[in-house]
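Colleague: I have a structure I would like to understand better, so I am pasting it below and will then ask my questions one at a time.
Chains as they are written, first to last, in this note's numbering: chain G, 96 to 384; chain C, 30 to 414.
See the structure below:
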């Protein structure tokens, strides 16, 4: 029982990171119908920026995170701006464009920071909390809290602000949205910017948990993508649930199937997707392609 | 990202096809092109991961090898010929490794150094054997010996030696019998797992826990909680630098206080930084190169390394330096021979290196001893036994 609960705790903290990555995927997808294949690499960029501001510039961790999110958000804007001319011509080209951007970002990371990577010390050095023989890292609680706040802010933005409502409208029907005077390009740009900001948030938060290297975004990207699909692609609460589910599933299979855990995780994932192709919350599929 | 990965094998396949067509023109095992002839620079290839998660290994190796080559070149090379070092990035991927092996052959390199990953070297070995290109690898898996290629040599001991020394220290000297194991299922981790289990077996010790993780895993709560319940006195760790560091960090967060024990990766700065200096205190390391102060040769090497790269030398750079020195000595002794003659010259080379005295046997292993060290105050120091 103790092993089971400790496994769940370990799974939830990485699950929160997967959820943030999945949110970024979903937000861009629901607005534009586009899968941003550069998203994993944007996570890596965010992780490097956050660690650079934190370790080299010696900013406090929170400030370093904010700076990383802003800079990465701008990178998101640049990606959208470059791809924008393709949107109404050929959607597949746009998809390939994101793959290209991923390769470019990967190369830039190695050029700027080198291929070796770096370790980031935990900004919350307090000892783990003890509870009925279980141990909970204080930093994990910080990660969960920040992920929860980010999600609430995102939902409030989408539902309560005019700009957010406009984005919802574009997500539902971009032609009708254009007809009532909503600037679709601007809406897409904001989706890309927030998506990149979320990626930076995930990357920055995961730095002290893992090791920041050019390969960081690869695994996070794939697991985050799986999380978005599992929750229902394009669905915001689905992305959160999918992320946590993938995190716990991953931790649980690691305990039971050891070397074959990855295989079992994705087998379970495949079976779930075969039974519910639209994911847990995905009744309303966006189809813009 | 998944799309990105999927695209790679196609380009690799295409490149492999081109390489096959290019090499197909000349008979295998024969001299290739004019570049391999008796004039012009001597071409030696270094294949290692220069990008990806294991690129720190590749970076250290490159530094060690470069130092040796520069040393020889500044002394006028071999027989008046300069040594030309070609660097190839394997990305620690066996598929890319096989492509590079063909490329190295077709471009007329007469010898190869690297790689640091046993799995990649094992994948490249059949091609290098067919092309008669001697290779001194930095891998240490017993699987390398199992390949049985007369062109494959190791620049250090195999896992069997590392883990036999470690088991001897832990079980025989320290009398610790409550041992847990956590290893990954990659080529290196699997080799460590089998070698250490065998060393324990001959001493009649059964590990209290034997946990296997994947090479990509990030959360080890399940495996570590299982280990914690068995309350072992020491935990054997068989994984590469970064993963080992993450395992130790998470183990300490889970309240595991037992020291870890392992081989080469646990003696590196990357392991120490990933886990945090406080968490690795007391780690038992089996290594043929404990520090830069063990001998006069290592002090000279460390000083040259520091001057060239402004960082402290460590095991992998030293190993690669030894391997390059052996290769260059063999080339000199054989008047720049190629193929089978060069392999024979390497086997005949007796070399006093940074890791110890090399004398190769038929299996391609040249050194059979490691020392035990423990990490104290963030530094690896020789253990008192």
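The beta carbon of each residue, even a glycine, is placed where N, CA and C say it ideally should be.
Because the structure is a prediction, the values reported are computed rather than measured.
Looking only at DSSP bridge pairs, what is residue 72 (chain C) linked to?
Modeller: The partner list for residue 72 (chain C) (beta bridge, DSSP) reads C:113.
Colleague: What residues from the stretch 148-168 of chain G come within 8 Å of chain B, judged by C-beta to C-beta, listed N to C?
Modeller: In summary, chain B is missing from the structure at hand, where the protein chains are G and C.
Colleague: At a cut of 8 Å, does the stretch 159-178 of chain C reach the stretch 236-249 of chain C through at least three beta carbon pairs?
Modeller: Touching, no.
Colleague: State the Cα-Cα distance for the pair residue 179 (chain G) and residue 254 (chain C), rounded to the nearest angstrom.
Modeller: Their backbone Cα atoms lie some 50 Å apart in a straight line.
Colleague: List the residues of chain G that residue 283 (chain C) touches, going by C-beta distances under 8 Å, in chain order.
Modeller: Under the 8 Å cutoff, chain G gives 101, 223 and 230.
Colleague: Bridge partners for residue 182 (chain C) per DSSP, in chain order?
Modeller: Residue 182 (chain C) is bridged to C:165.
Colleague: Where do the ends of the beta strand (DSSP E) carrying residue 108 (chain G) lie?
Modeller: Per DSSP, residue 108 (chain G) belongs to no beta strand (DSSP E); it is in the alpha helix (DSSP H), 97-127.
Colleague: Ignoring anything shorter than 3 residues or poking outside the stretch 215-250 of chain C, list the beta strand (DSSP E) runs there in chain order.
Modeller: Runs of the beta strand (DSSP E) inside the stretch 215-250 of chain C: 238-242.
Colleague: For residue 205 (chain G), return the contacting residues in chain C, with the cut-off set at a CB-CB distance below 7 Å.
Modeller: Chain C residues near residue 205 (chain G): 80.
Colleague: Cβ closer than 9 Å: which chain G residues qualify as neighbours of residue 260 (chain C)?
Modeller: Per Cβ cutoff of 9 Å: no residues; residue 260 (chain C) is ~13 Å from chain G at best.
Colleague: Residue 293 (chain G): which of G:340, G:309 and G:242 sits nearest, CA to CA?
Modeller: Minimum Cα distance to residue 293 (chain G) is reached at G:242.
Colleague: From the DSSP output, which residues share a beta bridge with residue 313 (chain C)?
Modeller: Partner(s): C:290 and C:403.
Colleague: DSSP has residue 275 (chain C) in a bridge; who is on the other side?
Modeller: DSSP lists no partner for residue 275 (chain C).
Colleague: Name, please, each residue of chain G whose Cβ falls closer than 9 Å to the Cβ of residue 116 (chain C).
Modeller: Those do not exist, as residue 116 (chain C) stays about 13 Å from chain G at its closest Cβ, beyond 9 Å.
Colleague: Could you tell me whether any Cβ in chain C is nearer than 9 Å to the Cβ of residue 97 (chain G)?
Modeller: It does; some Cβ of chain C falls within 9 Å.
Colleague: Indicate whether at least one CB of chain G lies closer than 9 Å to the CB of residue 275 (chain C).
Modeller: Taking Cβ atoms only, chain G reaches closer than 9 Å to residue 275 (chain C), which makes this a yes.
Colleague: Would you tell me roughly how many angstroms separate the C-alpha atoms of residue 320 (chain G) and residue 255 (chain G), rounded to the nearest one?
Modeller: In a straight line, the C-alpha of residue 320 (chain G) is about 27 Å away from that of residue 255 (chain G).
Colleague: Apply the 10 Å Cβ neighbour rule to residue 371 (chain G) and answer buried if 16 or more other Cβ atoms are within range, or exposed otherwise.
Modeller: Result: exposed.
Colleague: Give me the Cβ distance between residue 97 (chain C) and residue 86 (chain C), rounded to the nearest whole Å; I'm assuming they're in contact under 8 Å.
Modeller: That belief does not hold up - the Cβ atoms of residue 97 (chain C) and residue 86 (chain C) are roughly 17 Å apart, past 8 Å.
Colleague: The beta strand (DSSP E) with residue 410 (chain C) in it runs from where to where?
Modeller: First-last of the beta strand (DSSP E) with residue 410 (chain C): 408-411.
Colleague: Given that residue 255 (chain C) touches chain G, what residues does it touch there, using C-beta distances under 8 Å?
Modeller: Ordered by position in chain G, the residues that pass the 8 Å Cβ test against residue 255 (chain C) are 98 and 350.
Colleague: Helix, strand or coil: which one does DSSP assign to residue 380 (chain C)?
Modeller: If DSSP states are grouped into helix, strand and coil, residue 380 (chain C) belongs with the strands.
Colleague: Would you mind working out which of G:150, G:186, G:323 and G:280 sits nearest residue 303 (chain G), comparing C-alpha positions?
Modeller: For residue 303 (chain G), the nearest C-alpha among the options comes from G:150.
Colleague: By Cβ distance, which residues of its chain are closer than 6 Å to residue 33 (chain C), with the 5 residues on each side in sequence left out?
Modeller: Caution applies to residue 33 (chain C), whose pLDDT of 43 falls short of 50 and renders its modelled position unreliable; the model cannot decide the point.
Colleague: Taking the alpha carbon of residue 332 (chain G) as the point to measure from, which residue in G:125, G:265, G:209 and G:270 has its own alpha carbon closest?
Modeller: For residue 332 (chain G), the nearest C-alpha among the options comes from G:125.
Colleague: Quick check on the burial criterion: 16 or more other C-beta atoms within 10 angstroms. Buried or exposed for residue 322 (chain C)?
Modeller: The residue is exposed, with fewer than 16 neighbouring Cβ atoms inside 10 Å.
Colleague: To the nearest angstrom, report how far apart residue 327 (chain C) and residue 92 (chain C) are at their CA atoms.
Modeller: When rounded, the distance between both Cα atoms is 15 Å.
Colleague: Give a yes or no on whether the minimum CB-CB distance between residue 268 (chain C) and chain G is below 9 Å.
Modeller: No, residue 268 (chain C) does not count as interfacial toward chain G.
Colleague: Among G:112, G:212, G:106 and G:193, whose alpha-carbon lies nearest the alpha-carbon of residue 301 (chain G)?
Modeller: Measuring from the Cα of residue 301 (chain G), the nearest candidate turns out to be G:112.
Colleague: State the start and end residues of the unbroken alpha helix (DSSP H) segment that holds residue 136 (chain G).
Modeller: First-last of the alpha helix (DSSP H) with residue 136 (chain G): 134-146.
Colleague: Would you say residue 85 (chain C) faces chain G, with C-beta separation under 9 Å as the test?
Modeller: Answer yes: the Cβ-Cβ gap between residue 85 (chain C) and chain G drops below 9 Å somewhere.
Colleague: Check whether the Cβ of residue 378 (chain C) lies closer than 9 Å to any Cβ atom in chain G.
Modeller: Answer no: the Cβ-Cβ gap between residue 378 (chain C) and chain G never drops below 9 Å.
Colleague: With a CB to CB cut of under 7 Å and the five nearest residues on each side skipped, what residues in its chain are close to residue 288 (chain G)?
Modeller: Within the same chain, residue 288 (chain G) has close Cβ partners 168, 171 and 172.
Colleague: Would residue 410 (chain C) and residue 403 (chain C) qualify as a contact pair, given that the criterion is a beta-carbon distance under 9 Å?
Modeller: Closer than 9 Å, so yes.
Colleague: What residues in the stretch 288-310 of chain G bring their beta carbon closer than 8 Å to a beta carbon of chain C?
Modeller: Listed by position, the residues of the stretch 288-310 of chain G near chain C (Cβ gap below 8 Å) are 304, 305, 306, 308, 309 and 310.
Colleague: If you reduce the DSSP assignment to three classes, tell me which class residue 256 (chain G) lands in.
Modeller: Reduced to three states, the DSSP call for residue 256 (chain G) is coil.
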